[in-house]
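Per the working numbering, the very first residue in the sequence shown carries number 574; after that it's consecutive. Think of the CB as a built atom: it goes at the ideal place given N, C-alpha and C, for glycine as much as any other residue.
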Amino acid sequence: MKDMAKKIGVLLLNMGGPEKQEDVRPFLYNLFSDRQIIRLGPALLQKPIAAMIARRRAPVSMENYQKIGGGSPLTRITAEQAQALEKRLEQSLAGEGGCIVRSCMRYWPPFADAVLQEMVDAGVTELIALPLYPHYCRATTGSSLSDLRQQNARLGLNLPIREIRSWPAEPEYIDVLAARIQEGLSLFAESEQAAVQLVYSAHSLPKKFIDQGDPYVEEIKATIAAVEKQVGRQGKLCFQSRSGPVEWLEPSTPDMLKQLAGQGCQNILMVPIAFVSDHIETLYEIDMLYKDQAAELGMRLESTRGLNDDPQFIKALRTLVLRAARSE
Numbered sequence: 574m575k576d577m578a579k580k581i582g583v584l585l586l587n588m589g590g591p592e593k594q595e596d597v598r599p600f601l602y603n604l605f606s607d608r609q610i611i612r613l614g615p616a617l618l619q620k621p622i623a624a625m626i627a628r629r630r631a632p633v634s635m636e637n638y639q640k641i642g643g644g645s646p647l648t649r650i651t652a653e654q655a656q657a658l659e660k661r662l663e664q665s666l667a668g669e670g671g672c673i674v675r676s677c678m679r680y681w682p683p684f685a686d687a688v689l690q691e692m693v694d695a696g697v698t699e700l701i702a703l704p705l706y707p708h709y710c711r712a713t714t715g716s717s718l719s720d721l722r723q724q725n726a727r728l729g730l731n732l733p734i735r736e737i738r739s740w741p742a743e744p745e746y747i748d749v750l751a752a753r754i755q756e757g758l759s760l761f762a763e764s765e766q767a768a769v770q771l772v773y774s775a776h777s778l779p780k781k782f783i784d785q786g787d788p789y790v791e792e793i794k795a796t797i798a799a800v801e802k803q804v805g806r807q808g809k810l811c812f813q814s815r816s817g818p819v820e821w822l823e824p825s826t827p828d829m830l831k832q833l834a835g836q837g838c839q840n841i842l843m844v845p846i847a848f849v850s851d852h853i854e855t856l857y858e859i860d861m862l863y864k865d866q867a868a869e870l871g872m873r874l875e876s877t878r879g880l881n882d883d884p885q886f887i888k889a890l891r892t893l894v895l896r897a898a899r900s901e
């Protein structure tokens, strides 16, 4: 880092999302075309089958996105995170060649090829890839990093890339999660808070991924253990957003709600444990779908706020980048 000719480019990797109604179908096509998420028959049939699935699912997905404003806010939020992080890093790397931070999406612009070209045009000499997935999964972090490497090679750039694989127990990340939980508990009457059930909801995954060695669930449990050490209470883990005829991680979030209702639970604070930015899974599934389901079951469900560009969360990202930048 003492070489003043160096300029670091930081890429915040995320899934991306359709920003308006007409984006939904092509976004779904891009998503289901990725064989690292799901293998739809032989490789030659992946894209035709993906197109068929996107066409069938688009109407329902469009309705759901309409309920949260017409499209996903994920691209905007990730750009805001990048801007906030760049400001924090400018202070730390001012004497070391500086840096720029950009968002880089997997299934919707800005795609890796365009962002890499922007980095080169800005004089970047090395990259730090920071997935906004705290927990490693080959379908999210793995796919994003693989695509980044492929585009780097395809464009003939061959920029050195330092990859931050995962960060499930990063102390500043744990701090902001614990703070969100304490804030969420305050939504309930003081007399009710002791009996509020914490429920950690993570994006589901085909069970075969775990059977094949994916560390996703173990890393989520590491996050939960670190958080619970701070907040002094235990919660239950479940998995949302499952689709397709494969065996998914259990229990599902809807099943967890039914189970808790059967046990006489009255108040739930749901923590979107694997999501650091608001998008369809938090704004629609948790805040609308599961909240309504809980109400029908006689329970009150509240959720913790998204981390988004919270200064405490940006501080955690800054620490991760600086550690990677200064590692040999």
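The three-state secondary structure of Ile-734, taken from DSSP, is strand.
Buried is the label assigned to Val-674, since at least 16 other Cβ atoms lie within 10 Å of its Cβ. The criterion of a C-beta distance shorter than 9 Å is satisfied by Leu-613 and Phe-605. Taking C-alpha positions only, Leu-728 is separated from Tyr-773 by approximately 41 Å. Distance check between Val-894 and each of His-776, Ser-759, Ile-734, Ser-850 places Ile-734 closest, using alpha-carbon atoms only. According to DSSP, Glu-699 shares a beta bridge with Ile-581.
For Arg-675, the enclosing beta strand (DSSP E) begins and ends at 672-678. In this structure Ser-777 does not touch Leu-647 by the C-beta definition: roughly 18 Å separates them, more than the 8 Å allowed.
For Gly-808, the three-state secondary structure derived from DSSP is strand.
In the displayed model, Asn-603 falls within a helix according to three-state DSSP.
Per DSSP, reduced to three states, the secondary structure at Asn-881 is coil, with no helix or strand assignment. In this structure, Thr-796 keeps its C-beta atom at 9 Å or more from the C-beta atom of Ala-752. In the three-state scheme derived from DSSP, where H, G and I count as helix and E and B as strand, Glu-875 is classed as strand. Under the DSSP assignment, Tyr-773 falls in the beta strand (DSSP E) whose first and last residues are 770-776. Pro-682 counts as exposed, since fewer than 16 other C-beta atoms from the protein chains shown sit within 10 angstroms of its C-beta. If you draw a straight line from the Cα of Ala-868 to the Cα of Ala-655, it is about 37 Å long.
In the three-state reduction of the DSSP assignment, Ser-665 falls in the helix class.
Straight across, the Cα-Cα distance linking Leu-862 with Pro-827 is about 9 Å. Taking a 10 Å sphere around the C-beta of Ser-764, we find fewer than 16 other C-beta atoms and assign the residue as exposed. With respect to the 9 Å criterion, Ala-702 and Ile-737 are classified as neighbours on the basis of their beta carbons. The C-alpha of Ile-793 is placed about 7 Å away from the C-alpha of Ala-847.
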